[in-house]
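One structure below.
The structure is reproduced here in structure tokens:
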């Protein structure tokens with residue numbers, strides 16, 4: 010069996026892969042999954058954007074993806090490996106944290122060949138299971154190796170093209186809906202974990218002010234006073250005294266995404282929407298929570314009713330010893346009793 014975690018194996022893997030020495034946009038990568046139980050994989054369905062790895066998680070979660078047309082389109086393409094976690098939980102390759110690894114680019118084809126099962130680099134010995142697939146074009150794979158699990162993290166290779174879709178008809182005031190801050194966590198931040206606003210026009214970004222509350226409790230602020238929008242929605246600015254660059258995209262109706270390409274927050278993404286759209290999002294979330302609560306209440310009521318029946322049965326059973334047994338009368342006793350009561354028999 011081929012193992013990617015040794016230096017020799019990694020060098021071999023690099024030689025077999027398409028290596029491109031070029032700067033790339035880092036969307037985000039998931040953290041290593043700490044594994045305590047190496048004898049079994051706990052399989053559970055998770056939302057497509059849900060994180061499967063954090064410091065507090067001690068199990069591998071498998072994501073189920075049937076090999077239908079929609080999922081084949083998502084998986085069957087070229088991916089760039091961003092990190093390799095060996096089965097002993099050590100980082101063997103990190104495209105963005107290790108300067109030496111940053112000089113390499115491992116690009117491999119992936120194929121969805123079963124329900125949540127992926128073949129890497131057209132190699133039948135490199136079969137992994139999916140634990141994370143996000144709509145930001147990132148994936149995390151794992152396979153059992155010895156007493157642990159090897160984890161591959163990758164991002165989809167997208168052919169560079171000019172961003173001609175940025176359309177800002179007039180000045181718009183936007184609020185932060187959600188964010189990805191891969192330098193701190195792979196969790197999608199939303200709700201009370203994010204706050205912020207920005208003004209966009211056809212030519213400028215103004216007053217960007219964002220506060221992110223990361224899972225570790227740390228609060229991070231991103232502020233840009235003003236930045237000129239160039240061709241394709243690209244921009245350069247300063248954040249905390251350091252230069253950053255990024256791109257602004259349209260992101261659905263009444264939405265915009267600011268993606269940072271270089272600088273200390275490279276790979277971070279901020280999704281903004283209009284205030285009206287945000288109110289609709291919050292209303293939808295409230296309705297969903299209410300439906301969940303109603304469903305939970307109904308289930309709890311059924312459980313309570315069932316528990317009540319069980320308790321009543323227990324009470325009846327506990328009194329069984331006090332019951333007098335019913336004696337069946339003989340024919341002569343029945344006749345005698347009937348005569349005593351004045352009945353002809």
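In the working numbering, the protein residues as written are 10 to 354.
Even glycine gets a Cβ: it sits at the ideal position worked out from N, Cα and C.
- The segment 150-159 and the segment 178-191 do not touch, with fewer than three beta-carbon pairs separated by less than 8 Å.
- Sequence-distant Cβ neighbours of residue 270 in its own chain, meaning closer than 7 Å and more than five residues away, are 34, 254, 255 and 256.
- Counting along the chain, no alpha helix (DSSP H) covers residue 99, and no H or E run does either.
- Residue 167 counts as exposed, since fewer than 16 other beta carbons sit within 10 angstroms of its beta carbon.
- Beta bridge pairing from DSSP links residue 228 with 222.
- Scanning its chain for C-beta atoms nearer than 8 Å, with the 5 sequence neighbours on each side dropped, one finds around residue 228 the residues 220, 221 and 222, in chain order.
- Taking a 10 Å sphere around the C-beta of residue 147, we find 16 or more other C-beta atoms and assign the residue as buried.
- Pairing residue 208 with residue 248 gives a Cβ-Cβ distance that is not under 9 Å.
- Judged by DSSP secondary structure, residue 83 falls within the alpha helix (DSSP H) whose first and last residues are 78-84.
- About 13 Å separates the CB atoms of residue 143 and residue 150; that is not less than 8 Å, and the two are not in contact.
- Distances from the CA of residue 82 to each of 218, 215 and 121 were compared; the closest alpha carbon is that of 121.
- With a cutoff of 9 Å on beta-carbon distance, residue 183 and residue 281 are scored as near each other.
- A direct Cα-to-Cα measurement between residue 186 and residue 163 gives close to 25 Å.
- Straight-line measurement puts the Cα of residue 246 at about 6 Å from the Cα of residue 252.
- Residue 264 holds the alpha-carbon nearest to the alpha-carbon of residue 288 among 264, 276, 91 and 118.
- For residue 136, the enclosing beta strand (DSSP E) stretches over residues 136-142.
- The beta-bridge partner set that DSSP reports for residue 279 consists of 188 and 267.
- Nearest to residue 213 by alpha-carbon distance, out of 238, 203 and 135, is 238.
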